[in-house]
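Numbering (the UniProt record's numbering), first residue to last: 1 to 195. We put the beta carbon where it would ideally sit given N, CA and C, even for glycine. On a predicted model such as this, the values are computed, not experimentally measured, just so you know.
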């Protein structure tokens, strides 16, 4: 009761092959469709498109196969504007930490609560002070790699590596080796600081 989604749609040959042989060259093209997505036949009407992404930078001789399908009866709960996190890296600096604590103390001394016996009003005033200090003084963390140890150097090298994915395989492999080496070193350094 399964159907192969890859063979169901007519696509350009470049969007069909899922594996490139190591012996592949411009003169001798060796590419095959060996990876498939199988779905129950019940979902056949929901599948919109299935294709491969040969330009994806995933460090493999296989291309990722992506299936677009639309389920009409599932609610989308994704946040449209995700909240950014506080830049706690700045608070590791002792001078900056002292500066923020002085600012908070100063604002708390100036604190005037309209109803001192009302817990909700006191909490809301405290919350606004903390949120304002966070936004104006500390700021939000810049978007980085998913790993804490990831540096901007490595991310830039990854962007550079992506340029060579389809044009120069030897340069791509050299950059990939260098990126993996740097990632390993940064991760070890980060772990040694944590422990």
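On the DSSP bridge list, what partners appear for residue i?
i           : result
residue 68  : 49
residue 140 : 86
residue 32  : 19
residue 62  : 19
Does DSSP put residue i in a helix, a strand or coil?
i           : result
residue 123 : helix
residue 20  : strand
residue 3   : strand
residue 104 : helix
residue 130 : helix
residue 191 : helix
residue 199 : A query on residue 199 cannot be resolved here, the shown segment of the chain reaching from 1 to 195 and no further.
residue 150 : coil
residue 43  : helix
residue 170 : helix
residue 112 : coil
residue 118 : coil
residue 95  : helix
residue 159 : helix
residue 27  : coil
Since residue i contacts residue j with CB under 8 Å, what's their CB separation in whole angstroms?
i           : j           : result
residue 47  : residue 5   : 6 Å
residue 1   : residue 54  : That pair is no contact at about 31 Å.
residue 43  : residue 69  : 7 Å
residue 157 : residue 175 : 6 Å
residue 140 : residue 85  : 7 Å
residue 125 : residue 111 : 6 Å
residue 129 : residue 108 : 7 Å
residue 17  : residue 32  : 6 Å
residue 148 : residue 190 : 6 Å
Given a cut-off of 7 Å on the beta-carbon distance, is the pair residue i and residue j in contact?
i           : j           : result
residue 137 : residue 100 : yes
residue 57  : residue 162 : yes
residue 34  : residue 23  : no
residue 52  : residue 59  : no
residue 61  : residue 7   : no
residue 181 : residue 172 : no
residue 50  : residue 3   : no
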